[in-house]
Amino acid sequence: MSWPLVLGLGAVALLWPLMQLTGLADAIGRQATPLVVALAVALVWVGVVGLGRAPRPVLTLTLAGVAYGVYLLVLGIVLGPALGDGGIPLSAIPWAMAPMLALDAFYGFLAGLLALVVQNVRGGRS
């Protein structure tokens, strides 16, 4: 497993605030933006890990999901006020952190299963 790959894939979380800062979220629609971002992240993750035949795809993408959650948590604290949502109150972090990281890890796990299927269909991993 490659830590630079895990952290790099987790950094795809930057797509979310980037879309908000550039106004792309408004163009797509605030309701549709989370779905569009989730699908884009899944496509990138499954494409990179599945087609790139990265070793241990399920573990790699589960950890990428955790990294994704950490990045979003930090960005929510730092950039939240700039994005107009007031940020995450420091008192809410302990309560928000565990479910958020668990959900993002599960999201990564599901993407990892898809990447494993892609690898198996393509003839195995390297």
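As numbered in the numbering used here, residues 463 to 588 make up the sequence shown, in order. We put the beta carbon where it would ideally sit given N, CA and C, even for glycine. On a predicted model such as this, the values are computed, not experimentally measured, just so you know.
task: Below 6 Å CB to CB, which residues in the same chain sit around Asn-582 once its five sequence neighbours on both sides are set aside?
output: Once the five neighbours on either side are set aside, Asn-582 has no close Cβ partner at all.
message: For a quick check, are the C-beta atoms of Ala-494 and Ala-573 less than 7 Å apart?
response: Ala-573 is positioned such that its CB atom lies no closer than 7 Å to that of Ala-494.
- request: Pick helix, strand or coil for Ala-516, following the three-state DSSP scheme.
  value: Coil, per DSSP.
Three-state class that DSSP yields for Gly-527 in the structure shown: Here DSSP, grouped into helix, strand and coil, assigns Gly-527 to helix.
query: Among Gly-531, Leu-467, Gly-512, which residue has its Cα nearest to the Cα of Leu-575?
result: Relative to the Cα of Leu-575, the nearest Cα in the group Gly-531, Leu-467, Gly-512 belongs to Gly-512.
message: For the alpha helix (DSSP H) containing Ala-475, name the first residue and the last one.
response: For Ala-475, there is no enclosing alpha helix (DSSP H), as DSSP gives it neither H nor E.
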